[in-house]
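Using the numbering used here, read the sequence shown as starting at 1 and increasing by one per residue.
We put the CB at the ideal spot given by N, CA and C, even for glycine.
Since this is a predicted model, take the numbers as computed values, not measurements.
Some notes on the structure that comes next.
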Amino acid sequence: MKIGLLVFGLAGLLALISFMPPLAGRLRLPYSVLLAIVGFVLGVIIHVHGWAPGVVADFLDSLQHFEISSETFLYVFLPVLLFETALAMNIRRLMDDLSPILVMAIVAVVVCTVVVGFSISAISQYGLIVCLMLGAIVATTDPVAVVGIFREVGAPRRLTTLVEGESLFNDAASIALYSVLLSVMFTGGEVSMTQVARSFVLSFVGGGLAGFAMGRLATTLFGWLRGWPAAEVTLTVALAYLTFFIAEHYLGVSGVVATVIAGLVVGSNGRTRMSPTTFEQLEGAWAQFGFWANSLIFLFAAMLIPRMMAEITWMQVFLILVVFVATLFARAVMVYGLLPLLGRLRLSTQVSPAYRAVMLLGGLRGAVSLALALAVTEQPAVPHEARQFIAVVTTGFVLMTLFINGLTLRPLIARLGLDQLSVIDRTLRDQAQIVELEALRERIDEIGRNEHIGQEVLDRLSAVFDASQAGIDTAQVHQLTQEQKVAVGMGILAGREEEMFFETLKAQVVDWRTAESLLARAERLGDAVRTGGLAGFESALEGDLRYATTLRVALQLHHITGRPFWLAQALAQRFTNLMSKWAVAHRLIRFARDDVQPLLGPDVTKIIIDAHRRRLALLEGALQAMTLQYPGYAQHLQEAYLARMARSMERLRYRDMLAQNLISGETYSDLVKQVETRWAPLEQHGALDIALTAEALVEKVSFFEGLDDATRAAICKVLKPRLAFPGQDVPTRVGRSRAMYFVASGAVVLDLPDNTTAELGSGQIFGEMALAMDHDFQARVRSLGYSRLLMLHERDFKKLVASLPALRDKIDAIVRQRMRAVEVWRQFESGERQHEPLPTFTTEPPATDDAAGTTAKA
Numbered sequence: 001m002k003i004g005l006l007v008f009g010l011a012g013l014l015a016l017i018s019f020m021p022p023l024a025g026r027l028r029l030p031y032s033v034l035l036a037i038v039g040f041v042l043g044v045i046i047h048v049h050g051w052a053p054g055v056v057a058d059f060l061d062s063l064q065h066f067e068i069s070s071e072t073f074l075y076v077f078l079p080v081l082l083f084e085t086a087l088a089m090n091i092r093r094l095m096d097d098l099s100p101i102l103v104m105a106i107v108a109v110v111v112c113t114v115v116v117g118f119s120i121s122a123i124s125q126y127g128l129i130v131c132l133m134l135g136a137i138v139a140t141t142d143p144v145a146v147v148g149i150f151r152e153v154g155a156p157r158r159l160t161t162l163v164e165g166e167s168l169f170n171d172a173a174s175i176a177l178y179s180v181l182l183s184v185m186f187t188g189g190e191v192s193m194t195q196v197a198r199s200f201v202l203s204f205v206g207g208g209l210a211g212f213a214m215g216r217l218a219t220t221l222f223g224w225l226r227g228w229p230a231a232e233v234t235l236t237v238a239l240a241y242l243t244f245f246i247a248e249h250y251l252g253v254s255g256v257v258a259t260v261i262a263g264l265v266v267g268s269n270g271r272t273r274m275s276p277t278t279f280e281q282l283e284g285a286w287a288q289f290g291f292w293a294n295s296l297i298f299l300f301a302a303m304l305i306p307r308m309m310a311e312i313t314w315m316q317v318f319l320i321l322v323v324f325v326a327t328l329f330a331r332a333v334m335v336y337g338l339l340p341l342l343g344r345l346r347l348s349t350q351v352s353p354a355y356r357a358v359m360l361l362g363g364l365r366g367a368v369s370l371a372l373a374l375a376v377t378e379q380p381a382v383p384h385e386a387r388q389f390i391a392v393v394t395t396g397f398v399l400m401t402l403f404i405n406g407l408t409l410r411p412l413i414a415r416l417g418l419d420q421l422s423v424i425d426r427t428l429r430d431q432a433q434i435v436e437l438e439a440l441r442e443r444i445d446e447i448g449r450n451e452h453i454g455q456e457v458l459d460r461l462s463a464v465f466d467a468s469q470a471g472i473d474t475a476q477v478h479q480l481t482q483e484q485k486v487a488v489g490m491g492i493l494a495g496r497e498e499e500m501f502f503e504t505l506k507a508q509v510v511d512w513r514t515a516e517s518l519l520a521r522a523e524r525l526g527d528a529v530r531t532g533g534l535a536g537f538e539s540a541l542e543g544d545l546r547y548a549t550t551l552r553v554a555l556q557l558h559h560i561t562g563r564p565f566w567l568a569q570a571l572a573q574r575f576t577n578l579m580s581k582w583a584v585a586h587r588l589i590r591f592a593r594d595d596v597q598p599l600l601g602p603d604v605t606k607i608i609i610d611a612h613r614r615r616l617a618l619l620e621g622a623l624q625a626m627t628l629q630y631p632g633y634a635q636h637l638q639e640a641y642l643a644r645m646a647r648s649m650e651r652l653r654y655r656d657m658l659a660q661n662l663i664s665g666e667t668y669s670d671l672v673k674q675v676e677t678r679w680a681p682l683e684q685h686g687a688l689d690i691a692l693t694a695e696a697l698v699e700k701v702s703f704f705e706g707l708d709d710a711t712r713a714a715i716c717k718v719l720k721p722r723l724a725f726p727g728q729d730v731p732t733r734v735g736r737s738r739a740m741y742f743v744a745s746g747a748v749v750l751d752l753p754d755n756t757t758a759e760l761g762s763g764q765i766f767g768e769m770a771l772a773m774d775h776d777f778q779a780r781v782r783s784l785g786y787s788r789l790l791m792l793h794e795r796d797f798k799k800l801v802a803s804l805p806a807l808r809d810k811i812d813a814i815v816r817q818r819m820r821a822v823e824v825w826r827q828f829e830s831g832e833r834q835h836e837p838l839p840t841f842t843t844e845p846p847a848t849d850d851a852a853g854t855t856a857k858a
């Protein structure tokens, strides 16, 4: 086929589909259904277009010569469709419903394959392998059909996530089963469930790992391409195709799963790794790519229908009806049997009956099933009867799902009320209208007076406002309980917090690592608010301030290796996160006072503000603990924060001047370069010096003053630096041995057996009593702040006190002092006045009774 005719045909199809969305809206048809109708009509008339004028005849002739194969669907269109859908999906919403999604994507495919295969085999002359292959082909719900229709009918977000997630992942299960059954047909062997299971697990899990690796590699490369939007968008297009092809041909795993996971990774991390304007361009570009691929794949698939249905018989019509009933039955078993069981077993949240009803009809089939059926017809080793049977039944079944399920989804969702706002959302909408209409009326009146517009015109506009306000049920807002209003307000602030963090990323006030962490924490907090309201917010505060896993891992790495690099990086990240949250918390309180209060009233707003003030106090406490420990680094962070804010505001000001033609484009570019040069030195904050070497910490401990250099050097060799977080327990047992500690900086508190506490600060020691008396003491030790400690193991302690008399004397004095405190407490507790004499500490720990050992007090 000539290149010119190919381009002409594609351009004609693109021109045709550009009119399909408005036409589908006017006809109230799902877009995919209208495409199937148009494609079917094109498939019919391209064979009888002798009547058409020259241009139309050439266009139809170009379509007739298109070589549409199964590989065209799988390798040209499918990666784009999968990647675009995954890119737009919220991975956190997906993870919340991962259990039901995977059950519907994996178990449902197997159930459908078995039910269809055995049903058709029992009533037809076709073999079991052929019928099972048909079952695998029709088991896959097409992402194009499902996603398109659900977006059009405005299905609820969770329902859309459930069905979209299923349609994205079940292709892998279906294609894996299809491939195994096809190989069994070629070899003439028997179906091995072990072989099927092994092939599927390898394909699914391997595809997931490959997609994750490719997605992470791409997000890393975004840093190299930052500032070149066209290059970044191009990389994502290459990623979709490379991931699919490499996974399928070089790794032998599922290209479908790999492409989906890669799209989820880019969608989750891309908004922080790319420049914000680039990510917005990326979403727009992929929406366009998805529209083209969605439309073309349906047109091409529908154009094949006349050819694939040419040899249909009445018996095959009956088999199509049987397949439709069998698949509906298999899906009902999953939706009404297994999904409720998952909820009762607490493996997932409950799926409402209304959602299950829509999910039952939401298993539409489309181009993927047609592509697999077309692939069977392209296999000469498969008997002609089997090829014709699979092609006809699959095509008829796909048409039934599109025209029966697709056309009934919209009225079903409307009948169940799933396309309507909830009572709370409707009330909030009406209240927002009341507030905004009143404010708009005042602004319009002011404009009219300033512009000397006639009173008659203003009266007409005022009548419009009056009619609009009269149509709003103002009593609804009073029907909500205070708890419901608080939940609504908390949800508004949770969504605003996510937007604020993304705005700070857009302004480049924080880097992508910080933004990634902040957005993840904000989403978790928002989920807690949406599910639990004020109570959920309060319970989530502890998790919001909890030390990140990376920080805990870095602390363990420091304990193992003694290198503070990773720990300093993790602490610096926490410092930056706390500062950013603190700044946003202040802005949220102002936002609640200025914008939420008109909607929900002062009483509800006060409850919301008080909750956020409690959060602000917790943030200030956590931030103050770090600021007191690292004041120099805190100052660096504040300088960097203000420098980035100044840079952002100056850049925005120059952009506004450019938009108003106050400066030229060349001048703007030069000014932006000067901005970067001006603020770059202050933006680069200093490194966090946590000073966790034994030598550095020994200098801070007054206990070691007066010791000679040789003694200090010997001590430094055996002391292990440790950093304790605020509230963290400090273990006095490490494995099977005991340990004592020297406080280099910070403070610890001891919870003593007599229900009292003792605080120890810089220069003091604890744990020495257990080592001196060879007995454990019942005292819990917690760090009050970021405390830098020096740990001494029991075996090293014994060696040191045996070889260093000066150190032994210092410890001996402390032990005797604390033993006197023990003695006083014992006398008070037992009322006795006579006890054995105080033991003298030597290098050989003296024997003590159990009572003394269990009542030691610092």
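**OP:** Tell whether a beta-carbon distance below 8 Å holds between V748 and F766.
**Re:** For the purposes of this step, residue 748 is taken as residue 748 along the sequence shown, with counting starting at 1. For the purposes of this step, residue 766 is taken as residue 766 along the sequence shown, with counting starting at 1. Yes, Cβ-Cβ distance for V748 and F766 is below 8 Å.
**OP:** With DSSP collapsed to three states, give me the class of R429.
**Re:** Residue mapping note: residue 429 aligns to position 429 of the sequence shown, counting from 1. If DSSP states are grouped into helix, strand and coil, R429 belongs with the helices.
Original post:
Does DSSP classify Y741 as helix, strand or coil?
Top reply: Working through the sequence shown from its first residue, we reach residue 741 at position 741. DSSP places Y741 in strand when its eight states are reduced to three.
Original post:
Looking only at its own chain, which residues have a Cβ that is under 8 Å from the Cβ of T627, when we skip the five neighbours before and after it?
Top reply: By 1-based counting over the sequence shown, the position of residue 627 is 627. Contacts found: A634.
Original post:
For V486 versus I663, is the C-beta distance shorter than 8 Å?
Top reply: For the purposes of this step, residue 486 is taken as residue 486 along the sequence shown, with counting starting at 1. For the purposes of this step, residue 663 is taken as residue 663 along the sequence shown, with counting starting at 1. Contact flag unset, no.
**OP:** Look up S787 in the DSSP assignment and say whether it is helix, strand or coil.
**Re:** By 1-based counting over the sequence shown, the position of residue 787 is 787. Strand at S787.
**OP:** Please name the residue or residues paired with T863 in a DSSP beta bridge.
**Re:** The shown model of the chain, from 1 to 858, leaves out residue 863, and the question about it has no answer.
Subject >> Range of the contiguous beta strand (DSSP E) that encloses E759 >> reply: As a working note, residue 759 is residue 759 in the sequence shown. Unbroken beta strand (DSSP E) run through E759: T757 to L760.
Original post:
So who's on the other strand from D751, going by DSSP bridges?
Top reply: Position 751 of the sequence shown holds residue 751. DSSP lists T757 and R780 as partners of D751.
Original post:
Nearest CA to the CA of T481: which residue from R496, A467, D466 and G533?
Top reply: Here the question's residue 481 lines up with position 481 in the sequence shown. For the residues R496, A467, D466 and G533, the minimum Cα distance to T481 belongs to G533.
**OP:** Output the distance between the C-alpha atoms of S18 and T550, rounded to the nearest integer angstrom.
**Re:** Start at 1 with the first residue of the sequence shown, and residue 18 comes out as number 18. Start at 1 with the first residue of the sequence shown, and residue 550 comes out as number 550. Cα to Cα, the separation comes out at about 49 Å.
Original post:
Looking at the unbroken beta strand (DSSP E) that takes in P721, where does it start and where does it end?
Top reply: Looking up residue 721 in the sequence shown gives position 721. Run containing P721: K720 to A724, per the beta strand (DSSP E) assignment.
**OP:** Please determine if the segment 247–264 and the segment 171–183 are in contact, where contact requires at least 3 C-beta pairs separated by less than 8 Å.
**Re:** A contact is defined here as three or more CB-CB pairs under 8 Å, and the segment 247–264 meets this definition with respect to the segment 171–183.
Original post:
Per DSSP, L792 forms a beta bridge with which residues?
Top reply: As a position in the sequence shown, residue 792 is number 792, starting the count at 1. According to DSSP, which records beta bridges pairwise, L792 is partnered with M740.
Original post:
So, helix, strand or coil for R226, using DSSP?
Top reply: Position 226 of the sequence shown, counting from 1, holds the residue named residue 226. Here R226 sits in coil by DSSP.
Original post:
Would you report the Cα separation of V743 and A779, rounded to the nearest angstrom?
Top reply: For this step, residue 743 is matched to residue 743 along the sequence shown. For this step, residue 779 is matched to residue 779 along the sequence shown. Computed Cα separation, rounded: 17 Å.
Original post:
How about the segment 320–335 and the segment 117–124: do they share at least three Cβ pairs that are nearer than 8 Å?
Top reply: yes
Subject >> Straight-line gap, K700 to G763 (C-alpha atoms, nearest Å) >> reply: For the purposes of this step, residue 700 is taken as the residue at position 700 of the sequence shown. For the purposes of this step, residue 763 is taken as the residue at position 763 of the sequence shown. So the two alpha carbons sit approximately 7 Å from each other.
Original post:
Going by C-alpha distance, which of V109, H559 and P100 is nearest L789?
Top reply: If you number the sequence shown from 1, residue 789 lands on position 789. The option with the nearest alpha carbon to L789 is H559.
Subject >> Three-pair Cβ contact test at 8 Å for the segment 491–499 versus the segment 511–527 >> reply: yes
Original post:
Alpha carbon to alpha carbon, what distance is there between G54 and L372?
Top reply: Taking the first residue of the sequence shown as 1, we reach residue 372 at position 372. Taking the first residue of the sequence shown as 1, we reach residue 54 at position 54. Rounded to whole angstroms, L372 to G54 spans 36 Å at the Cα level.
Original post:
For the alpha helix (DSSP H) that D884 lies in, which residues bound it at each end?
Top reply: This structure cannot settle anything about residue 884, because the visible part of the chain is limited to 1 through 858.
Subject >> Simplified DSSP state of R613, which is helix, strand or coil >> reply: Here residue 613 corresponds to residue number 613 of the sequence shown, with the count starting at 1. Under the three-state reduction of DSSP, R613 is assigned to helix.
**OP:** Could you please give the first and the last residue of the uninterrupted alpha helix (DSSP H) stretch that includes D656?
**Re:** Residue numbering aside, residue 656 sits at position 656 when the sequence shown is read from its first letter. That run of the alpha helix (DSSP H) goes P631 to A659.
Original post:
Is N405 near L440, with beta carbons less than 8 Å apart?
Top reply: Here residue 405 is taken as the residue at index 405 of the sequence shown, counted from 1. Here residue 440 is taken as the residue at index 440 of the sequence shown, counted from 1. Not a contact, by the Cβ cut-off of 8 Å.
**OP:** Could you check if A108 is buried or exposed, using at least 16 other CB atoms within 10 Å of its CB as the buried criterion?
**Re:** The residue you call residue 108 lines up with position 108 of the sequence shown. Result: buried.
Original post:
Are the CB atoms of L555 and L567 nearer to each other than 8 Å?
Top reply: Within the sequence shown, numbered from 1, the residue matching residue 555 stands at position 555. Within the sequence shown, numbered from 1, the residue matching residue 567 stands at position 567. Yes, they are a contact pair.
Original post:
Should N294 go down as buried or exposed, given a rule of 16 or more other Cβ atoms within 10 Å for buried?
Top reply: On the sequence shown, position 294 is the one that residue 294 refers to. Buried is the call here.
**OP:** Round the Cβ separation of A136 and Y178 to the nearest angstrom and send it over; I've been treating them as touching at under 8 Å.
**Re:** Position 136 of the sequence shown holds residue 136. Position 178 of the sequence shown holds residue 178. 4 Å between Cβ atoms; contact.
Original post:
Can you tell me whether V317 is buried or exposed, with buried defined as 16 or more other CB within 10 angstroms of its CB?
Top reply: The count along the sequence shown starts at 1 and reaches residue 317 at position 317. Exposed.
Subject >> Paired residues, beta bridge with I765 - DSSP >> reply: Position 765 of the sequence shown, counted from the start, is the residue given in the question as residue 765. Within the DSSP secondary-structure output, I765 pairs in a beta bridge with F742.
Subject >> For V435, the nearest candidate out of F289, L299 and V596 (CA to CA) >> reply: Residue numbering aside, residue 435 sits at position 435 when the sequence shown is read from its first letter. When only C-alpha atoms are compared, the closest one is V596.
Subject >> CB contact flag (I390, L134, <8 Å) >> reply: Here residue 390 refers to the residue found at position 390 of the sequence shown. Here residue 134 refers to the residue found at position 134 of the sequence shown. Contact flag set, yes.
Original post:
Over what stretch of residues does the alpha helix (DSSP H) that includes E699 continue unbroken?
Top reply: Along the sequence shown, read from residue 1 onward, the residue named residue 699 stands at position 699. Note, E699: alpha helix (DSSP H), A694 to K700.
Original post:
What's the gap between the Cα of A570 and the Cα of K720?
Top reply: On the sequence shown, residue 570 is found 570 positions in, with the first residue counted as 1. On the sequence shown, residue 720 is found 720 positions in, with the first residue counted as 1. The alpha-carbon atoms of A570 and K720 are separated by roughly 20 Å.
Original post:
So, helix, strand or coil for V114, using DSSP?
Top reply: The count along the sequence shown starts at 1 and reaches residue 114 at position 114. Looking at V114 - three-state DSSP - the assignment turns out to be helix.
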